[in-house]
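S.K.: Just passing along the structure, written as structure tokens.
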Amino acid sequence: MLDKEPRLGLTYDDVILVPAKSQILPNEVDTSTFVSRNIRVNIPLVSAAMDTVTESRLAIAMAREGGIGIIHRVLSPADQAIEVDRVKKSESGMIMDPVTISPDETIRDAHQLMAKYRISGIPVTKGRKLVGILTNRDLRFESRMDLKVSQVMKRDRLVTAPEGTSLEKAREILHEHRIEKLPVVNKQYELKGLITIKDIEKRIKYPNACKDGHGRLRVGAAVGVGQDTEERVTLLKKAGVDLVVIDTAHGHSQAVLNTAKMIKKLYPDLELVAGNIGTAEAAKDLLKVGVDAVKVGVGPGSICTTRIVSGAGMPQLTAIADCAKVLRGTGVPVIADGGIKFSGDIAKALAAGASSVMLGGLFAGTEESPGETVLYQARTYKVYRGMGSIGAMERGGGDRYGQGGRPAQKLVPEGIEGRVPYKGSLAAVVYQLVGGVRSGMGYCGCKSIPDLQKNATFIRQSVAGLRESHVHDVIITKEAPNYRMDWE
């Protein structure tokens, strides 16, 4: 009931960061942060668990740039685990559990495995022992699909390395023998791993990549609160997932709290994020059940209609600040999810208390996103839709909004389907976003994200102040890669 004057809620456009005396240049800023209690990323960006944003291809690109991607859950548990597996196997210092094939399998089987995991070579093992290696070079002109692998594989003068070989030594061996793949074996000639020249080259090309202790790219995956959650989490864990996100529209629900308890009981060491929430009370309750991060954002997304349809939500900046305040000192970070239009909004979210931000619309137009590419009025776009849209709900995302299993005509959508301009590579988009954050931190005189959270100050701005902040009184003749006019 409305028995007193409602509290004022603020979002990104309502405030602006106050410049401070600074000795910090943008290129001196440290953008590393914790996305969960124990997982550190090199940039504060997380890609959203949406079916038009994050599958394995974009998750790989995100991790290479230093962030992390969250594989959406509008997939079967097995298919989602395969997407995670593709990320984990995409590169490594040494691949600890490489894909292998038996010498008795066929060339057809080998082609299918290579296509499934997008790899160009497979060690051949009998039991655990290495007996050969099969590469694209061996298969290039082979049309007899029913031949056994043993009839085509390379087995003579097989170049291997012993356990404990350093990457530098492996690189020398690869160069000396002009080969691209180096199996690592123990004294019994059992396969223990695989080092590839591509992985070594990727380490040089992507020095800022977000990797686990085995040199594999990090990746997260979303789960719900439905009947398949335990099976889904088990398969994701087996695939090597780094982070599991309980992804619902209303994270302050008993179903989410119960699911968090269940997952933590099954896998106490698995990093667990839960959301979405918008209040301090929700953050406190999730903290009690042992989550490792909270995801904040009820209705701020560009394709989300939750606040309009339901009348419920919380302006994003206030939600971030409220949740961050009660979590301060606990080691549980805030992921700000939704409402980001420009890189300056990311700086504001971090200053308000978020440790990282989750982005959907800003990444949906990239080459790596799984959304369909469409042409409209001679321009290229990519399809982008909310997980509360009719299309996403029909595909299986209805339980995120408490509407799982309903027929299409009974769905009450909380999102829309649309299109966003095609933007090219994710790397170029990330470069501009992180560059803007660095600039903002430089203006505030803050060298790190914790420093920004501690020392930055905000001032409220009027509508006129916001208009003044944007381009005005001019016709843009050459567009900038980090700005657009349709911001209202």
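In our numbering, the protein residues as written are 456 to 943. Even for Gly, the Cβ is constructed at its ideal location relative to N, Cα and C. Being a predicted model, the structure only gives us computed values, none of them experimental.
Going by C-alpha to C-alpha distance, which of K909, A514 and R610 sits closest to D697?
M.R.: Counting from one through the sequence shown, the residue named residue 697 turns up at place 242. Of the candidates K909, A514 and R610, the one whose C-alpha sits nearest the C-alpha of D697 is A514.
S.K.: Can you give me the C-alpha to C-alpha distance between A710 and I871, rounded to a whole angstrom?
M.R.: Translated into positions along the sequence shown, residue 710 becomes position 255. Translated into positions along the sequence shown, residue 871 becomes position 416. So the two alpha carbons sit approximately 25 Å from each other.
S.K.: Check whether the Cβ atoms of S502 and V508 sit closer than 8 Å, and answer yes or no.
M.R.: Position 47 of the sequence shown holds residue 502. Position 53 of the sequence shown holds residue 508. Yes, the pair counts as a contact, with Cβ atoms nearer than the cut-off.
S.K.: Are R840 and I758 touching if we call contact CB-CB under 8 Å?
M.R.: Indexing the sequence shown from 1 puts residue 840 at position 385. Indexing the sequence shown from 1 puts residue 758 at position 303. With contacts defined by Cβ atoms closer than 8 Å, R840 and I758 form a contacting pair.
S.K.: Go through its chain and collect everything with a Cβ distance to I914's Cβ below 7 Å, but skip five positions before and after it.
M.R.: Here the question's residue 914 lines up with position 459 in the sequence shown. Closer than 7 Å at the Cβ level, and outside the excluded window around I914, lie V470, I471 and V473.
S.K.: So, under 8 Å CB-CB, K653 and E635 are touching, yes? Tell me the CB distance rounded to an integer number of Å.
M.R.: Numbered from 1 along the sequence shown, position 198 holds the residue referred to as residue 653. Numbered from 1 along the sequence shown, position 180 holds the residue referred to as residue 635. K653 to E635, Cβ: 7 Å. Contact.
S.K.: With a cut-off of 8 Å on the beta carbons, I'd call A809 and A791 a contact; round off their distance for me.
M.R.: Indexing the sequence shown from 1 puts residue 809 at position 354. Indexing the sequence shown from 1 puts residue 791 at position 336. That belief holds up - the Cβ atoms of A809 and A791 are roughly 4 Å apart, short of 8 Å.
S.K.: Where are the beta strand (DSSP E) runs, 3 residues long or more, that stay fully inside the region 718-802, in chain order?
M.R.: Listed in chain order, the beta strand (DSSP E) runs fully inside the region 718-802 are 726-732, 748-751 and 789-792, counting runs of at least 3 residues.
S.K.: Can you look up G920 in the DSSP assignment and give me helix, strand or coil?
M.R.: As a first step, residue 920 must be located in the sequence shown, where it is residue number 465. Three-state result, G920: helix.
S.K.: Let me make sure I understand the geometry here. Which of Q771, G826 and V885 has the alpha-carbon closest to that of N663?
M.R.: Position 208 of the sequence shown, counted from the first residue, corresponds to residue 663. Residue V885 is the option with its Cα nearest to N663.
S.K.: Run through the DSSP bridge pairs and tell me what R834 is partnered with.
M.R.: Sequence index remark: in the sequence shown, residue 834 carries index 379 (1-based). In the DSSP output, where bridge partners are listed per residue, R834 has Y831.
S.K.: Note down, in chain order, each residue of its chain lying with its Cβ closer than 7 Å to the Cβ of S903, except the 5 sequence neighbours on either side.
M.R.: Looking up residue 903 in the sequence shown gives position 448. D485, listed in sequence order.
S.K.: With respect to the beta strand (DSSP E) encompassing T590, which residues constitute its N-terminal and C-terminal limits?
M.R.: Residue numbering aside, residue 590 sits at position 135 when the sequence shown is read from its first letter. Element bounds for T590: K584 to T590.
S.K.: Starting from V892, trace the alpha helix (DSSP H) in both directions and tell me its first and last residue.
M.R.: Taking the first residue of the sequence shown as 1, we reach residue 892 at position 437. Per DSSP, V892 belongs to the alpha helix (DSSP H) from L881 to Y898.
S.K.: Using 8 Å as the limit for Cβ to Cβ distance, is T773 near chain C?
M.R.: Among the chains in the structure shown there is no chain C, since it carries only a single protein chain.
S.K.: Within 10 angstroms of its Cβ, does E656 collect 16 or more other Cβ (buried), or is it exposed?
M.R.: As a working mapping, residue 656 is identified with position 201 in the sequence shown. Exposed: under 16 other Cβ atoms inside 10 Å.
S.K.: Just the C-alpha distance for K796 and L805, rounded to the nearest angstrom, thanks.
M.R.: As a working note, residue 796 is residue 341 in the sequence shown. As a working note, residue 805 is residue 350 in the sequence shown. Using only the alpha carbons, I get a separation of about 14 Å.
S.K.: Based on Cα-Cα distance, which residue from A802, N910 and E823 lies nearest to G890?
M.R.: Numbered from 1 along the sequence shown, position 435 holds the residue referred to as residue 890. Comparing Cα positions, the closest option is A802.
S.K.: G879 to G820, Cα distance in whole Å?
M.R.: Here residue 879 corresponds to residue number 424 of the sequence shown, with the count starting at 1. Here residue 820 corresponds to residue number 365 of the sequence shown, with the count starting at 1. Their backbone Cα atoms lie some 7 Å apart in a straight line.
S.K.: Can you tell me the Cα-Cα spacing of K660 and I588, whole angstroms?
M.R.: The count along the sequence shown starts at 1 and reaches residue 660 at position 205. The count along the sequence shown starts at 1 and reaches residue 588 at position 133. Taking the straight line from one Cα to the other gives about 27 Å.
S.K.: In terms of alpha-carbon separation, which member of P723, P755 and G733 lies closest to V744?
M.R.: The sequence position of residue 744 within the sequence shown is 289, counting from 1. Considering only alpha carbons, the answer is P723.
S.K.: Mind checking E726: buried by the 16 CB within 10 Å criterion, or exposed?
M.R.: In the sequence shown, counting from the first residue as 1, residue 726 sits at position 271. It counts as buried.
S.K.: Less than 8 Å between the C-beta atoms of A676 and I526, yes or no?
M.R.: Counted from its first residue, the sequence shown places residue 676 at position 221. Counted from its first residue, the sequence shown places residue 526 at position 71. In this structure, I526 lies closer than 8 Å to A676 by Cβ.
S.K.: Taking the alpha-carbon positions, what's the R519 to L672 distance?
M.R.: Here residue 519 is taken as the residue at index 64 of the sequence shown, counted from 1. Here residue 672 is taken as the residue at index 217 of the sequence shown, counted from 1. In a straight line, the C-alpha of R519 is about 7 Å away from that of L672.
S.K.: Beta-carbon within less than 7 Å of G786's beta-carbon, same chain only, minus the 5 sequence neighbours each way: which residues are those?
M.R.: Working through the sequence shown from its first residue, we reach residue 786 at position 331. Listed in chain order, the non-local C-beta contacts of G786 below 7 Å within the same chain comprise R492, local neighbours out to five positions each way being set aside.
S.K.: Pair every Cβ in the region 571-591 with every Cβ in the region 690-707, then say whether three or more of these pairs are closer than 8 Å.
M.R.: Taking 8 Å as the limit for Cβ pairs, the verdict is that the region 690-707 does not touch the region 571-591.
S.K.: Quick check on the DSSP output: the alpha helix (DSSP H) that includes F596 runs from which residue to which?
M.R.: Position 141 of the sequence shown, counted from the start, is the residue given in the question as residue 596. It is not in any alpha helix (DSSP H) - F596 carries neither H nor E in the DSSP assignment.
S.K.: Tell me, to the nearest whole angstrom, how far the beta carbon of R874 is from that of Y836; I am working on the premise that it is less than 8 Å.
M.R.: The residue labelled residue 874 in the question sits at position 419 within the sequence shown. The residue labelled residue 836 in the question sits at position 381 within the sequence shown. Confirmed, about 4 Å.
S.K.: Less than 8 Å between the CB atoms is what I'm expecting for T466 and P755, so what's the real figure, rounded?
M.R.: Position 11 of the sequence shown holds residue 466. Position 300 of the sequence shown holds residue 755. About 7 Å separates the two Cβ atoms, so the contact holds.
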